[in-house]
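Structure first, commentary second.
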């Protein structure tokens, strides 16, 4: 039945012979995805065409029957990606991602003694259920799970090695699908726990029950990929993996540390095929973008981006570099590591093992006749001092600092030993930023927000009550299958932009506190992180709880430091 259907699909005739062969030779469970990639049609369009050809009904929101799934051999579920659907009429209904052939009907009848009613279901829904029910990479171990006590022969050991390789690849593939930035493999007393860092938070990943038996093999496989010593388990090790697949090309940084129950492995994923973010995607408001454009057009000066680890500072710097990059400018970056490749930009990666850090690289870069320099981080006074001097001698310099707010960057430089008058002359702009999680568009809900709650909230955010005029409801997270029940999907930035001008010159030279600098900046129109976050809450992009989570609130501030209404 399936082969006949394949010949009748209307979009297939638009493909080349080679592409048609790729579809025909693909496994039934993969065919809809392969067709979608080759034809540009959505999964829903392809399922619709299959339904028209076979008269099989599409179930858009199937409720899969967990009890009946347990009665089915996992090999069958993995091979055909078909799952039993709860049916109130008592029929035996199976959802499938591709129309069944005769063998599938025969298998179901011989196993259950019942005729089956077939329905078409989305591959994404099946994949999600299979992953949650059996665990990521479970298909790799299905044979071993069934024959675990019988693994004695050499060829079976070779099969196990192949299964380990497939499992590790699936773990990485799933991390890319989930847009994870890190993978953590953590040996526990009774299990090998795997967690992804997604949108800044850790998410536990379901894994096969038998994975604990393969702990050493899985960790050894990762160490082999990183070309580090698999026999050394007492000391921490670092390595690097170049991982390529059809849809991604990853630069993976691997780190191991010995723990009580074995080696813990952390993988940092840098996807070379990731598209860099634009100013709009970063979440910068229009008025802030015009301020940034004004500074990026300057011939010299320093632009600093501040915030804690994971605040998206490197992503913002990369956006700035792409904005200023042109054929008539020589742009050089010093990074650790190089996260995004930018065409036409000379990108340098530091290597502390050979004493080639930020300061050393920056000294050499200044001899390369650059117009614009990006330094990944001003980690020490030497790097900061060279960067300041570079800006004063006609270069535009971008870099980052670890401070909580924008005014704090100025006092941090003074603490690093930089002369205040040099700071006042060189720094053009400081941007403090955080990343907040976006509310999931599929499940977020509105709730009433009273005037009393509004007043209290704005007071805690140190904002003028007028900022809440007209707001009667906000949105909050709920949680669904689309967002792994977190209530959030993706992230967006909130920003505090400090334009360093004459109004701050005397305060900087006099080494005033960051609080005094902040007061002055607010009076001259600086929009603080709190207001940037509140604006996102009002628009429904994120939740109030998320803003309070990421902003360090200084409760020692008194009411006199409330942000003015026109600030």
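Numbering (the numbering used here), first residue to last: 614 to 1180. All C-beta atoms, glycine included, are put in the ideal place defined by N, C-alpha and C. Predicted model, so just to flag it, every value in this text is computed and none were measured.
For residue i, collect the residues of the same chain with a Cβ closer than 6 Å to its Cβ; drop the 5 residues on either side in sequence, then sort them by chain order.
| i | result |
| --- | --- |
| residue 1177 | Below a pLDDT of 50, predicted positions are generally treated as unreliable, and residue 1177, at 48, falls in that range; no measurement from the model is reported. |
| residue 767 | With a pLDDT of 44 at residue 767, under the threshold of 50, the predicted position of this residue should be treated as unreliable, and no value is reported. |
| residue 1163 | 1047, 1049 |
| residue 799 | 806, 877 |
| residue 730 | 704, 706 |
| residue 758 | Because residue 758 carries a pLDDT of 43, less than 50, the predicted location of this residue cannot be relied on, and no value is offered for it. |
| residue 727 | 705 |
| residue 670 | 732 |
| residue 630 | none |
| residue 896 | 1105, 1106 |
| residue 795 | 810, 881 |
Taking C-beta to C-beta, are residue i and residue j nearer than 8 Å?
| i | j | result |
| --- | --- | --- |
| residue 697 | residue 706 | yes |
| residue 883 | residue 911 | no |
| residue 930 | residue 987 | yes |
| residue 679 | residue 722 | no |
| residue 648 | residue 654 | yes |
| residue 1139 | residue 1111 | yes |
| residue 924 | residue 947 | no |
| residue 960 | residue 949 | no |
| residue 858 | residue 1021 | no |
| residue 1113 | residue 1040 | yes |
| residue 711 | residue 641 | yes |
| residue 854 | residue 839 | yes |
| residue 1184 | residue 1165 | The question about residue 1184 has no answer, for the chain in this structure spans 614 to 1180. |
| residue 1132 | residue 1013 | no |
| residue 881 | residue 866 | yes |
| residue 789 | residue 861 | yes |
Would you list the residues sitting across from residue i in a DSSP beta bridge?
| i | result |
| --- | --- |
| residue 823 | DSSP lists no partner for residue 823. |
| residue 799 | 806 |
| residue 732 | 708 |
| residue 851 | 868 |
| residue 1112 | 1042 |
| residue 818 | In the DSSP output, where bridge partners are listed per residue, residue 818 has none listed. |
| residue 877 | 870 |
| residue 945 | 959, 986 |
| residue 857 | 862 |
| residue 1049 | 1105 |
| residue 793 | 811 |
Output needed for residue i: all residues of its chain with C-beta closer than 7 Å, excluding positions within five of it in sequence on either side, in chain order.
| i | result |
| --- | --- |
| residue 1066 | none |
| residue 633 | 625 |
| residue 938 | 944, 955, 957, 958 |
| residue 1060 | 1086, 1087, 1089 |
| residue 1098 | 1092 |
| residue 1007 | 912, 913 |
| residue 942 | 984, 985 |
| residue 1038 | 1005 |
Using C-beta distances below 8 Å, list every residue in its chain close to residue i, excluding the 5 sequence neighbours before and after it, in chain order.
| i | result |
| --- | --- |
| residue 749 | 783, 784, 787, 807, 818, 819, 820 |
| residue 842 | 836, 850 |
| residue 656 | 645, 646, 649, 735, 736, 737 |
| residue 891 | 932 |
| residue 740 | 694 |
| residue 828 | 800, 805, 875 |
| residue 976 | 999 |
| residue 1036 | 1001, 1023, 1026, 1027, 1121 |
| residue 908 | 914, 916, 1041, 1042, 1112 |
| residue 922 | 1015 |
State yes or no: is the beta carbon of residue i nearer than 8 Å to at least one beta carbon in chain C?
| i | result |
| --- | --- |
| residue 778 | In the structure shown, chain C cannot be found, because there is only a single protein chain. |
At a cut-off of 7 Å, is residue i close to the ligand ATP when judged by its beta-carbon and the heavy atoms of the ligand?
| i | result |
| --- | --- |
| residue 637 | Looking for the ligand ATP in the displayed structure turns up nothing, as the structure carries no ligands at all. |
Problem - the region 831-845 in contact with the region 774-787 per 3-pair CB rule at 8 Å - result: yes
Exercise for the section: Pair every Cβ in the region 1044-1054 with every Cβ in the region 1098-1111, then say whether three or more of these pairs are closer than 8 Å. Expected result: yes
Practice task
Determine, using beta-carbon pairs with one atom in the region 1029-1036 and one in the region 985-995, whether at least three such pairs fall under 8 Å.
Solution key: yes
Problem - Segments assigned beta strand (DSSP E), at least 3 residues, entirely inside the region 1058-1101 - result: 1058-1061, 1086-1089
Exercise for the section: May I ask you to verify whether the region 1067-1082 touches the region 1117-1131, counting CB pairs closer than 8 Å and requiring at least 3? Expected result: no
Practice task
Any chance you could list the beta strand (DSSP E) runs of at least 3 consecutive residues sitting entirely within the region 947-1025, in chain order?
Solution key: 959-962, 985-988, 1009-1014
Practice task
For the region 667-728, list the alpha helix (DSSP H) runs that are entirely contained and at least 4 residues long, ordered along the chain.
Solution key: 679-684, 687-693, 715-725
Exercise for the section: Determine, using beta-carbon pairs with one atom in the region 683-691 and one in the region 618-638, whether at least three such pairs fall under 8 Å. Expected result: no
Practice task
Determine, using beta-carbon pairs with one atom in the region 1058-1072 and one in the region 932-939, whether at least three such pairs fall under 8 Å.
Solution key: no
Practice task
Indicate whether the contact test is met: 3 or more Cβ pairs, each with one atom in the region 1086-1106 and one in the region 1051-1062, closer than 8 Å.
Solution key: yes
Practice task
Could you name each continuous alpha helix (DSSP H) segment of 4 residues or more that falls completely within the region 883-935, going from the start of the chain to the end?
Solution key: 892-895, 899-909
Problem - Segment contact, 8 Å Cβ cut-off, at least three pairs: the region 1003-1010 with the region 873-882 - result: no
Practice task
Go through the region 1124-1161 residue by residue and report every complete run of the alpha helix (DSSP H) that reaches 4 residues or more, in order.
Solution key: 1127-1136, 1142-1152
Exercise for the section: Write down every uninterrupted run of the alpha helix (DSSP H) in the region 620-657 whose length is 4 residues or greater and which is fully enclosed by it, in chain order. Expected result: 630-638, 644-652
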